[in-house]
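Remarks on the structure that follows.
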Amino acid sequence: KDLVPPKIVARPTIKKNLIIIYLESVERTYRDITETAVAFKALGEIEDHGISARMQMQIPGLHFTAGGIVGSMCGVPLLPRGVFSVHLKSRDMVGVAFPFSEFMPSMTCLGDILHADGYTQSYLNGSDLAIFSKGDLFLTHGFDRVFGLKELDNWQAESRQNLWGLDDDVVFEQVTKELYRLSKAEKPFTLAALTLSTHMPDAFLDKTCTGTPVNGSLVPDAIRCTVAHLQDLLAEVDKLGLTDDTVVVFMSDHLAMKNTMWEQLSAREEQRSNFVTILGAGPARIINRTGTTLDLYPTILEALGYTIEGGRAYMGQSIFSEHGPTLIESIGQKSLSEAVVGNTTLQEFIWK
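In the working numbering, the protein residues as written are 2 to 353.
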(Lines of atoms letter the chains of each structure in order from A and count residues from 1; the text may use other names and numbers.)
(Lines give C-alpha, C1' and ligand atoms only; values in the text may rest on other atoms or scores of the structure.)
Protein backbone atom coordinates (compact mmCIF):
# COMPACT_ATOMS: atom_id res chain seq x y z
CA LYS A 1 0.00 0.00 0.00
CA ASP A 2 2.98 2.32 0.48
CA LEU A 3 4.39 1.82 -3.02
CA VAL A 4 2.42 4.29 -5.09
CA PRO A 5 3.70 5.99 -8.23
CA PRO A 6 4.42 9.70 -7.99
CA LYS A 7 1.31 11.83 -8.28
CA ILE A 8 2.19 15.00 -10.16
CA VAL A 9 0.51 17.98 -8.51
CA ALA A 10 2.13 20.62 -10.71
CA ARG A 11 4.45 20.57 -13.71
CA PRO A 12 7.25 23.04 -14.40
CA THR A 13 6.41 25.97 -16.66
CA ILE A 14 9.89 25.67 -18.20
CA LYS A 15 10.98 22.14 -19.02
CA LYS A 16 14.65 21.84 -18.21
CA ASN A 17 16.89 19.29 -19.87
CA LEU A 18 18.26 16.50 -17.70
CA ILE A 19 21.72 14.95 -17.82
CA ILE A 20 22.47 12.02 -15.49
CA ILE A 21 25.93 10.48 -15.38
CA TYR A 22 26.24 7.31 -13.30
CA LEU A 23 29.80 7.08 -12.00
CA GLU A 24 30.86 3.47 -11.76
CA SER A 25 31.77 2.72 -8.11
CA VAL A 26 32.82 6.33 -7.44
CA GLU A 27 31.61 6.72 -3.89
CA ARG A 28 31.93 9.92 -1.94
CA THR A 29 34.20 8.16 0.55
CA TYR A 30 37.09 8.64 -1.88
CA ARG A 31 37.04 12.36 -1.12
CA ASP A 32 38.24 11.65 2.42
CA ILE A 33 40.79 8.89 1.75
CA THR A 34 44.39 10.09 1.62
CA GLU A 35 45.30 8.00 -1.43
CA THR A 36 42.40 9.32 -3.52
CA ALA A 37 41.83 12.82 -2.12
CA VAL A 38 44.00 14.56 -4.72
CA ALA A 39 42.41 12.71 -7.61
CA PHE A 40 38.96 13.48 -6.20
CA LYS A 41 39.67 17.19 -5.69
CA ALA A 42 38.18 18.39 -9.00
CA LEU A 43 35.04 16.30 -8.45
CA GLY A 44 34.81 17.79 -4.96
CA GLU A 45 34.90 21.26 -6.51
CA ILE A 46 32.03 20.31 -8.81
CA GLU A 47 30.15 18.96 -5.80
CA ASP A 48 30.71 22.17 -3.88
CA HIS A 49 29.09 24.18 -6.69
CA GLY A 50 25.96 22.04 -6.65
CA ILE A 51 23.44 20.54 -4.27
CA SER A 52 25.43 17.92 -2.42
CA ALA A 53 23.62 14.97 -0.86
CA ARG A 54 26.15 13.79 1.73
CA MET A 55 24.40 10.88 3.46
CA GLN A 56 23.41 8.50 0.67
CA MET A 57 23.57 4.96 2.05
CA GLN A 58 23.20 1.57 0.34
CA ILE A 59 20.84 -1.35 0.84
CA PRO A 60 20.43 -4.71 -0.96
CA GLY A 61 19.00 -4.44 -4.45
CA LEU A 62 20.86 -1.17 -5.01
CA HIS A 63 24.34 -2.60 -4.60
CA PHE A 64 25.18 -3.24 -8.27
CA THR A 65 24.94 -1.13 -11.42
CA ALA A 66 21.53 -2.17 -12.73
CA GLY A 67 20.12 -1.97 -9.18
CA GLY A 68 21.46 1.55 -8.66
CA ILE A 69 20.02 2.70 -11.97
CA VAL A 70 16.62 1.11 -11.26
CA GLY A 71 16.56 2.63 -7.76
CA SER A 72 17.22 6.15 -9.01
CA MET A 73 14.91 5.85 -12.03
CA CYS A 74 12.03 3.86 -10.53
CA GLY A 75 12.19 4.18 -6.74
CA VAL A 76 12.47 0.44 -6.00
CA PRO A 77 15.38 -1.97 -5.51
CA LEU A 78 16.04 -4.46 -8.29
CA LEU A 79 14.87 -7.81 -6.93
CA PRO A 80 14.69 -11.19 -8.72
CA ARG A 81 11.90 -11.99 -11.12
CA GLY A 82 10.54 -15.39 -10.09
CA VAL A 83 13.34 -17.94 -9.84
CA PHE A 84 15.69 -15.76 -11.88
CA SER A 85 18.25 -14.47 -9.39
CA VAL A 86 19.94 -11.14 -10.04
CA HIS A 87 22.45 -11.91 -7.31
CA LEU A 88 23.51 -15.26 -8.72
CA LYS A 89 23.71 -13.97 -12.27
CA SER A 90 25.78 -10.98 -11.14
CA ARG A 91 28.51 -13.39 -10.05
CA ASP A 92 29.03 -14.24 -13.71
CA MET A 93 30.41 -10.72 -14.14
CA VAL A 94 30.30 -10.30 -17.91
CA GLY A 95 27.45 -11.48 -20.13
CA VAL A 96 24.57 -11.20 -17.65
CA ALA A 97 21.33 -10.99 -19.61
CA PHE A 98 17.77 -11.31 -18.35
CA PRO A 99 15.50 -13.79 -20.16
CA PHE A 100 12.82 -11.20 -20.97
CA SER A 101 12.54 -7.93 -22.87
CA GLU A 102 9.96 -5.82 -21.02
CA PHE A 103 11.67 -4.53 -17.90
CA MET A 104 9.28 -3.89 -14.97
CA PRO A 105 6.60 -2.74 -17.43
CA SER A 106 3.96 -1.88 -14.83
CA MET A 107 6.20 0.60 -13.00
CA THR A 108 5.99 4.32 -13.72
CA CYS A 109 9.61 5.42 -13.82
CA LEU A 110 11.34 8.75 -14.38
CA GLY A 111 11.66 8.15 -18.10
CA ASP A 112 7.94 7.39 -18.41
CA ILE A 113 6.96 10.71 -16.85
CA LEU A 114 9.40 12.74 -18.93
CA HIS A 115 8.46 10.88 -22.12
CA ALA A 116 4.80 11.73 -21.53
CA ASP A 117 5.81 15.36 -21.12
CA GLY A 118 7.57 15.49 -24.48
CA TYR A 119 11.18 14.71 -23.62
CA THR A 120 13.51 13.05 -26.12
CA GLN A 121 15.66 10.58 -24.16
CA SER A 122 18.95 8.76 -24.77
CA TYR A 123 21.09 6.38 -22.72
CA LEU A 124 24.72 5.43 -23.41
CA ASN A 125 27.25 3.08 -21.84
CA GLY A 126 30.37 1.19 -22.92
CA SER A 127 29.26 -2.37 -22.18
CA ASP A 128 26.94 -4.60 -24.17
CA LEU A 129 23.38 -3.39 -23.52
CA ALA A 130 22.32 -7.00 -23.02
CA ILE A 131 24.26 -7.10 -19.73
CA PHE A 132 21.60 -6.84 -17.05
CA SER A 133 19.29 -5.89 -19.96
CA LYS A 134 20.01 -2.20 -19.37
CA GLY A 135 18.92 -1.44 -22.93
CA ASP A 136 15.53 -3.04 -22.27
CA LEU A 137 15.19 -1.11 -19.01
CA PHE A 138 15.52 2.24 -20.75
CA LEU A 139 13.53 1.32 -23.85
CA THR A 140 10.68 0.02 -21.68
CA HIS A 141 10.56 3.30 -19.79
CA GLY A 142 10.36 6.10 -22.31
CA PHE A 143 13.84 6.28 -23.81
CA ASP A 144 14.09 6.67 -27.58
CA ARG A 145 17.72 5.72 -28.19
CA VAL A 146 20.23 3.49 -26.42
CA PHE A 147 23.91 3.03 -27.14
CA GLY A 148 26.26 0.28 -26.04
CA LEU A 149 29.27 -1.65 -27.25
CA LYS A 150 27.59 -3.23 -30.27
CA GLU A 151 25.91 0.01 -31.37
CA LEU A 152 29.33 1.46 -32.22
CA ASP A 153 30.05 1.17 -35.93
CA ASN A 154 32.67 -1.51 -36.54
CA TRP A 155 33.00 -2.03 -32.80
CA GLN A 156 35.15 -5.16 -33.20
CA ALA A 157 37.91 -3.04 -34.73
CA GLU A 158 37.87 -0.41 -31.97
CA SER A 159 41.13 -0.75 -30.04
CA ARG A 160 39.93 1.31 -27.09
CA GLN A 161 38.26 -1.54 -25.24
CA ASN A 162 38.67 -3.41 -21.98
CA LEU A 163 37.22 -6.44 -20.19
CA TRP A 164 33.85 -4.73 -19.74
CA GLY A 165 33.46 -2.90 -23.03
CA LEU A 166 34.43 0.44 -24.55
CA ASP A 167 36.85 2.72 -22.76
CA ASP A 168 35.32 5.85 -21.28
CA ASP A 169 36.90 8.18 -23.83
CA VAL A 170 34.93 6.39 -26.56
CA VAL A 171 31.73 6.63 -24.51
CA PHE A 172 32.17 10.33 -23.84
CA GLU A 173 32.84 10.95 -27.53
CA GLN A 174 29.43 9.39 -28.18
CA VAL A 175 27.86 11.31 -25.26
CA THR A 176 29.11 14.58 -26.75
CA LYS A 177 27.75 13.68 -30.20
CA GLU A 178 24.40 12.79 -28.63
CA LEU A 179 24.38 16.03 -26.64
CA TYR A 180 24.83 18.01 -29.85
CA ARG A 181 22.11 16.02 -31.60
CA LEU A 182 19.65 16.47 -28.75
CA SER A 183 20.44 20.17 -28.39
CA LYS A 184 19.40 20.82 -31.99
CA ALA A 185 15.88 19.53 -31.46
CA GLU A 186 13.25 21.90 -30.17
CA LYS A 187 12.31 19.58 -27.36
CA PRO A 188 13.58 19.06 -23.81
CA PHE A 189 15.86 16.05 -23.48
CA THR A 190 17.24 13.49 -21.08
CA LEU A 191 20.79 12.29 -21.61
CA ALA A 192 21.87 9.45 -19.32
CA ALA A 193 25.22 7.65 -19.37
CA LEU A 194 27.29 5.24 -17.32
CA THR A 195 31.07 5.38 -16.88
CA LEU A 196 33.25 2.30 -16.67
CA SER A 197 36.92 3.02 -15.95
CA THR A 198 36.61 2.89 -12.15
CA HIS A 199 35.24 -0.65 -12.18
CA MET A 200 36.72 -3.30 -9.89
CA PRO A 201 39.03 -5.16 -9.40
CA ASP A 202 41.40 -2.28 -10.13
CA ALA A 203 40.51 0.11 -12.96
CA PHE A 204 40.32 0.16 -16.75
CA LEU A 205 41.99 3.36 -17.85
CA ASP A 206 41.68 5.14 -21.15
CA LYS A 207 44.83 4.69 -23.21
CA THR A 208 45.49 8.42 -22.75
CA CYS A 209 44.95 8.29 -18.98
CA THR A 210 48.51 8.07 -17.78
CA GLY A 211 49.78 8.35 -14.26
CA THR A 212 51.48 6.53 -11.43
CA PRO A 213 49.74 3.86 -9.38
CA VAL A 214 49.18 4.83 -5.75
CA ASN A 215 50.11 1.96 -3.43
CA GLY A 216 49.74 -0.31 -6.44
CA SER A 217 46.24 0.94 -7.28
CA LEU A 218 45.05 2.52 -10.53
CA VAL A 219 41.82 3.70 -8.93
CA PRO A 220 43.11 7.23 -8.14
CA ASP A 221 44.10 7.78 -11.78
CA ALA A 222 40.78 6.36 -12.95
CA ILE A 223 38.90 8.83 -10.73
CA ARG A 224 41.02 11.72 -11.98
CA CYS A 225 40.43 10.84 -15.63
CA THR A 226 36.70 10.26 -15.09
CA VAL A 227 36.41 13.72 -13.58
CA ALA A 228 38.23 15.19 -16.58
CA HIS A 229 35.51 13.72 -18.81
CA LEU A 230 32.84 15.30 -16.58
CA GLN A 231 34.57 18.68 -16.75
CA ASP A 232 34.73 18.45 -20.55
CA LEU A 233 31.04 17.54 -20.67
CA LEU A 234 30.08 20.53 -18.53
CA ALA A 235 32.18 22.73 -20.82
CA GLU A 236 30.27 21.40 -23.85
CA VAL A 237 26.94 22.07 -22.11
CA ASP A 238 28.08 25.63 -21.45
CA LYS A 239 29.42 26.03 -25.00
CA LEU A 240 25.99 25.08 -26.37
CA GLY A 241 24.33 27.64 -24.12
CA LEU A 242 22.41 24.96 -22.23
CA THR A 243 23.71 25.52 -18.70
CA ASP A 244 20.78 27.62 -17.47
CA ASP A 245 18.27 25.22 -19.01
CA THR A 246 19.74 21.95 -17.78
CA VAL A 247 19.78 19.98 -14.54
CA VAL A 248 22.92 17.83 -14.27
CA VAL A 249 23.16 14.90 -11.85
CA PHE A 250 26.47 13.19 -11.16
CA MET A 251 26.02 10.15 -8.94
CA SER A 252 27.50 6.81 -7.90
CA ASP A 253 25.76 3.80 -9.36
CA HIS A 254 26.66 2.00 -6.10
CA LEU A 255 29.40 1.78 -3.49
CA ALA A 256 32.68 0.32 -4.72
CA MET A 257 33.01 -3.44 -4.61
CA LYS A 258 36.21 -5.17 -3.55
CA ASN A 259 39.00 -3.40 -5.41
CA THR A 260 42.61 -2.31 -4.96
CA MET A 261 41.51 0.42 -2.53
CA TRP A 262 39.48 -2.02 -0.43
CA GLU A 263 41.66 -1.78 2.68
CA GLN A 264 41.21 2.00 2.78
CA LEU A 265 37.48 1.80 2.09
CA SER A 266 36.91 -0.93 4.68
CA ALA A 267 38.65 1.16 7.31
CA ARG A 268 35.86 3.73 6.86
CA GLU A 269 33.00 1.24 6.65
CA GLU A 270 30.64 3.19 8.90
CA GLN A 271 31.26 6.44 7.01
CA ARG A 272 30.94 5.13 3.45
CA SER A 273 28.35 6.87 1.27
CA ASN A 274 27.44 7.29 -2.36
CA PHE A 275 28.30 10.42 -4.30
CA VAL A 276 25.39 12.60 -5.42
CA THR A 277 25.51 16.18 -6.62
CA ILE A 278 22.89 18.11 -8.57
CA LEU A 279 23.74 21.16 -10.68
CA GLY A 280 21.23 23.64 -12.08
CA ALA A 281 18.53 23.12 -9.47
CA GLY A 282 19.19 26.08 -7.20
CA PRO A 283 21.96 27.52 -5.05
CA ALA A 284 24.82 25.33 -3.87
CA ARG A 285 24.07 23.72 -0.56
CA ILE A 286 24.65 20.60 1.49
CA ILE A 287 21.84 18.19 2.34
CA ASN A 288 22.73 15.93 5.23
CA ARG A 289 19.50 13.90 5.23
CA THR A 290 20.10 10.17 5.29
CA GLY A 291 18.76 8.57 2.15
CA THR A 292 19.32 5.88 -0.45
CA THR A 293 19.33 5.77 -4.23
CA LEU A 294 15.56 5.14 -4.00
CA ASP A 295 15.07 8.74 -2.88
CA LEU A 296 16.74 10.17 -5.97
CA TYR A 297 13.77 9.39 -8.23
CA PRO A 298 11.43 11.95 -6.60
CA THR A 299 14.40 14.22 -5.86
CA ILE A 300 15.28 14.48 -9.56
CA LEU A 301 11.65 15.17 -10.44
CA GLU A 302 11.56 18.01 -7.92
CA ALA A 303 14.93 19.29 -9.17
CA LEU A 304 13.30 19.60 -12.60
CA GLY A 305 10.50 21.69 -11.09
CA TYR A 306 7.78 19.08 -10.61
CA THR A 307 5.61 19.17 -7.52
CA ILE A 308 4.82 15.66 -6.28
CA GLU A 309 2.16 14.75 -3.76
CA GLY A 310 3.93 14.08 -0.48
CA GLY A 311 7.30 14.27 -2.24
CA ARG A 312 7.03 10.50 -2.75
CA ALA A 313 7.59 8.05 -5.58
CA TYR A 314 7.18 4.36 -4.69
CA MET A 315 9.80 3.74 -1.95
CA GLY A 316 11.51 7.08 -2.50
CA GLN A 317 11.07 10.32 -0.59
CA SER A 318 12.53 13.48 -2.10
CA ILE A 319 15.44 14.74 -0.03
CA PHE A 320 14.14 18.27 -0.76
CA SER A 321 10.76 17.41 0.75
CA GLU A 322 9.58 18.37 4.22
CA HIS A 323 6.58 16.03 3.98
CA GLY A 324 8.22 13.21 5.88
CA PRO A 325 11.26 11.05 6.47
CA THR A 326 12.96 8.83 3.95
CA LEU A 327 12.52 5.12 4.59
CA ILE A 328 16.05 4.81 5.94
CA GLU A 329 15.44 7.77 8.26
CA SER A 330 12.21 6.16 9.40
CA ILE A 331 13.31 2.59 10.14
CA GLY A 332 17.10 2.60 9.81
CA GLN A 333 19.50 0.96 7.39
CA LYS A 334 19.49 -2.46 9.05
CA SER A 335 15.71 -2.76 9.20
CA LEU A 336 15.25 -1.44 5.66
CA SER A 337 17.81 -3.93 4.35
CA GLU A 338 16.09 -6.78 6.18
CA ALA A 339 12.71 -5.65 4.84
CA VAL A 340 13.95 -5.81 1.25
CA VAL A 341 15.84 -9.11 1.23
CA GLY A 342 13.60 -12.03 0.30
CA ASN A 343 10.53 -9.78 0.11
CA THR A 344 8.40 -11.73 -2.34
CA THR A 345 5.53 -9.23 -2.10
CA LEU A 346 7.83 -6.44 -3.24
CA GLN A 347 9.35 -8.71 -5.84
CA GLU A 348 5.93 -9.53 -7.30
CA PHE A 349 4.90 -5.89 -7.17
CA ILE A 350 7.75 -4.57 -9.29
CA TRP A 351 7.48 -7.35 -11.89
CA LYS A 352 3.68 -7.64 -12.14
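Note that CB positions come from ideal geometry on N, CA and C, so glycine has one too.
{"Check": "Counting beta carbon pairs with one atom in the stretch 254–268 and one in the stretch 219–235, are three or more of them shorter than 8 Å?", "Outcome": "yes"}
{"Check": "With the cut-off set at 8 Å, would you say T191 and S26 are in Cβ contact?", "Outcome": "no"}
{"Check": "Tell me the start and end of each unbroken alpha helix (DSSP H) in the stretch 44–80 that is at least 4 residues and wholly inside, in chain order.", "Outcome": "66–75"}
{"Check": "What three-state label does DSSP hand K90 in the structure shown?", "Outcome": "Since pLDDT at K90 reaches only 48, below the 50 mark, its modelled position is unreliable, and the value read off the structure follows with that caveat. Of the three classes helix, strand and coil, the one that applies to K90 here is helix, per DSSP."}
{"Check": "What do you get for H142, buried or exposed, if any count of 16 or more other CB atoms within 10 angstroms of its CB means buried?", "Outcome": "buried"}
{"Check": "Taking 6 Å as the limit between beta carbons, can you name the residues of its chain near C75, skipping five residues before and five after?", "Outcome": "M108, C110"}
{"Check": "How big is the Cα-Cα spacing for Q232 and L195?", "Outcome": "15 Å"}
{"Check": "Among residues of its own chain, excluding the 5 on either side of E270, which ones have a beta-carbon nearer than 8 Å to its beta-carbon?", "Outcome": "none"}
{"Check": "Compute the beta-carbon to beta-carbon distance between T291 and T261, rounded to the nearest angstrom, for a pair I have assumed lies under 8 Å.", "Outcome": "Contact doesn't hold; Cβ gap of about 29 Å is too wide."}
{"Check": "Can you tell me where the alpha helix (DSSP H) holding I132 begins and where it ends?", "Outcome": "Careful: I132 lies outside any alpha helix (DSSP H) and carries neither H nor E."}
{"Check": "What number of angstroms, rounded off, separates the C-alpha of V342 from the C-alpha of H116?", "Outcome": "32 Å"}
{"Check": "Does the beta-carbon distance from L80 to G62 come in below 8 Å?", "Outcome": "yes"}
{"Check": "Can you tell me whether DSSP reads A285 as helix, strand or coil?", "Outcome": "coil"}
{"Check": "Look at the alpha carbon of E159 and the alpha carbon of T211, and state the distance between them as a whole number of angstroms.", "Outcome": "20 Å"}
{"Check": "What is the DSSP secondary structure of L4, reduced to helix, strand or coil?", "Outcome": "coil"}
{"Check": "Apart from the five residues on each side of it in sequence, which residues of its chain come closer than 8 Å, Cβ to Cβ, to L337?", "Outcome": "I60, T293, L328, I329"}
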